[in-house]
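Enquirer: First the structure, then my questions, so here it is.
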Amino acid sequence: DAGVTQTPRHEVAEKGQTIILKCEPVSGHNDLFWYRQTKIQGLELLSYFRSKSLMEDGGAFKDRFKAEMLNSSFSTLKIQPTEPKDSAVYLCASSLGGYTGQLYFGEGSKLTVL
Amino acid sequence: TQTVSQSDAHVTVFEGDSVELRCNYSYGGSIYLSWYIQHHGHGLQFLLKYYSGNPVVQGVNGFEAEFSKSDSSFHLRKASVHWSDSAVYFCAVSGGSNYNVLYFGSGTKLTVEP
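As given, the protein sequences belong to chains A and B, one line each in that order.
Throughout the first sequence, residue numbering follows our numbering, covering 1 to 114 in sequence.
Throughout the second sequence, residue numbering follows our numbering, covering 115 to 228 in sequence.
In structure tokens, the structure reads:
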């Protein structure tokens with residue numbers, strides 16, 4: 001089975017632009033997660049979907065961040081408008097659902113906002 | 115709210131040494147604990163997990179971890195490290211209603227010197 005696929009791997013944006021990051025979870029997985037990773041804040045949960053329903057939206061990220069699951073095999077994370085502080089690695093992960101304790105992560109999308 | 119702390123930001127050992135990476139958690143209810151590894155420029159990969167039963171759990175590549183309720187700890191150990199074990203290690207905790215959402219510690223960077 002293919003793992004979690006994230007595109008693009010690298011994105012450079014000007015302040016104020018809209019960017020969309022994409023994620024394809026492992027086939028058959030029901031849960032999908034978006035995390036943001038920075039050196040200072042570490043790994044922060046942005047959103048969590050269970051069977052395409054949004055279960056958590058990472059409170060602090062509500063205003064400019066929007067994650068969607070268009071179908072069970074595709075998710076997007078939109079940041080609008082971008083700010084330099086959004087520069088980070090955005091990680092997508094999926095799991096079977098229920099408690100397995102095992103998330104499968106993509107390689108990440110590194111965003112740089114100038 | 116569940117929290118997890120990793121007190122050592124950096125650990126350096128020599129190849130063939132044993133190593134212990136520390137993780138302490140805080141949560142009043144049923145808790146799920148896991149460890150992940152992240153090589154530079156890549157996503158996180160699952161190592162092992164604990165929920166109940168034998169407090170010593172075995173993972174991939176010779177890693178094991180021991181759960182201690184009295185110490186609120188879940189330390190990761192390896193008897194003999196290899197240079198390829200150099201990476202950042204994250205402890206994660208989950209619990210509560212969204213029990214499959216993982217909250218990560220700040221990570222410990224392990225450097226294995228030849």
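Where is the CB? At the ideal position from N, CA and C, for every residue including glycine.
Applying the criterion that 16 or more other CB atoms from any shown protein chain within 10 Å of the CB defines a buried residue, is Trp197(B) buried or exposed?
Expert: With fewer than 16 other Cβ atoms within 10 Å, it is exposed.
Enquirer: Run through the DSSP bridge pairs and tell me what Phe204(B) is partnered with.
Expert: BP columns for Phe204(B) point to Tyr150(B).
Enquirer: Taking Ser72(A) as the reference, which of Val12(A), Lys78(A), Gln80(A) and Leu54(A) has the closest Cα?
Expert: Per the Cα distances, Leu54(A).
Enquirer: If you draw a straight line from the alpha carbon of Glu134(B) to that of Ser94(A), how long is it in whole angstroms?
Expert: Distance between the alpha carbons of Glu134(B) and Ser94(A): 28 Å.
Enquirer: Under a CB-based cut-off of 8 Å, is Ser51(A) close to chain B?
Expert: Ser51(A) does not count as touching chain B.
Enquirer: By DSSP's criteria, Met69(A) is part of a beta bridge. Which residues make up the other side?
Expert: Bridge partners of Met69(A): Ser75(A).
Enquirer: Mind reading off the beta-carbon distance from Leu45(A) to Val215(B)? Whole number of angstroms is fine, and I expect it under 8 Å.
Expert: Contact holds; Cβ gap of about 6 Å.
Enquirer: Using Cβ-Cβ distances below 8 Å, what residues of the region 51-71 of chain A are close to chain B?
Expert: Result list: Met55 and Glu56.
Enquirer: Hey, how far is the Cα of Ser87(A) from the Cα of Thr18(A)?
Expert: About 13 Å.
Enquirer: Give the C-beta separation of Gln159(B) and Tyr150(B) to the nearest angstrom, bearing in mind that I take them to be a contact with Cβ-Cβ under 8 Å.
Expert: Gln159(B) to Tyr150(B), Cβ: 6 Å. Contact.
Enquirer: So, using beta-carbon positions, are Tyr90(A) and Gly3(A) closer together than 8 Å?
Expert: Taking 8 Å as the Cβ cut-off, Tyr90(A) and Gly3(A) do not qualify as a contacting pair.
Enquirer: Express the C-alpha separation of Gly130(B) and Val195(B) in angstroms, rounding to a whole number.
Expert: Straight-line Cα distance between these residues: approximately 5 Å.
Enquirer: Who are the Cβ neighbours of Ser187(B) in its own chain at under 6 Å, not counting the five residues just before and after it?
Expert: Correct list, in chain order: Asn138.
Enquirer: With a 10 Å radius around its C-beta and 16 neighbouring C-beta atoms as the bar for buried, classify Phe128(B) as buried or exposed.
Expert: By the neighbour-count rule (16 or more Cβ atoms within 10 Å), Phe128(B) is not buried but exposed.
Enquirer: Could you tell me whether the region 77-86 of chain A touches the region 51-68 of chain A, using the rule of 3 or more Cβ pairs below 8 Å?
Expert: These segments touch.
Enquirer: Counting only runs that start and end within the region 23-100 of chain A, where is the beta strand (DSSP E) found for 3 or more residues in a row?
Expert: Those beta strand (DSSP E) runs which fall completely within the region 23-100 of chain A and span 3+ residues are 31-38, 42-50, 53-56, 65-71, 74-79 and 88-95.
Enquirer: Distance cutoff 8 Å, beta carbons only. Does Ser148(B) sit that close to anything in chain A?
Expert: So yes, Ser148(B) belongs to the interface.
Enquirer: Taking Arg191(B) as part of the beta strand (DSSP E), name the residues at either end of that continuous run.
Expert: Its beta strand (DSSP E) spans residues Ser187 to Lys192.
Enquirer: Taking 7 Å as the cut-off, is the CB of Phe204(B) close to at least one heavy atom of the ligand MG?
Expert: Absence of the ligand MG from the depicted structure is noted, as is the absence of any ligand whatsoever, leaving it without description.
Enquirer: What are the start and end residues of the beta strand (DSSP E) that includes Lys183(B)?
Expert: That residue, Lys183(B), is in no beta strand (DSSP E); it is neither H nor E in DSSP.
Enquirer: Let me know if Ser109(A) comes out buried or exposed under the rule of 16 or more other beta-carbons within 10 Å of its beta-carbon.
Expert: Label assigned to Ser109(A): buried.
Enquirer: Using a Cβ-Cβ cut-off of 8 Å, state whether Asn214(B) counts as contacting chain A.
Expert: Asn214(B) counts as touching chain A.
Enquirer: Considering only the beta carbon of each residue, do His154(B) and Glu107(A) sit closer than 8 Å?
Expert: The answer is no: Cβ separation not under 8 Å.
Enquirer: To which residues of the same chain is Leu21(A) closer than 6 Å at the C-beta, ignoring the five residues directly before and after it?
Expert: Cβ within range, chain order: Leu77, Tyr90 and Ser109.
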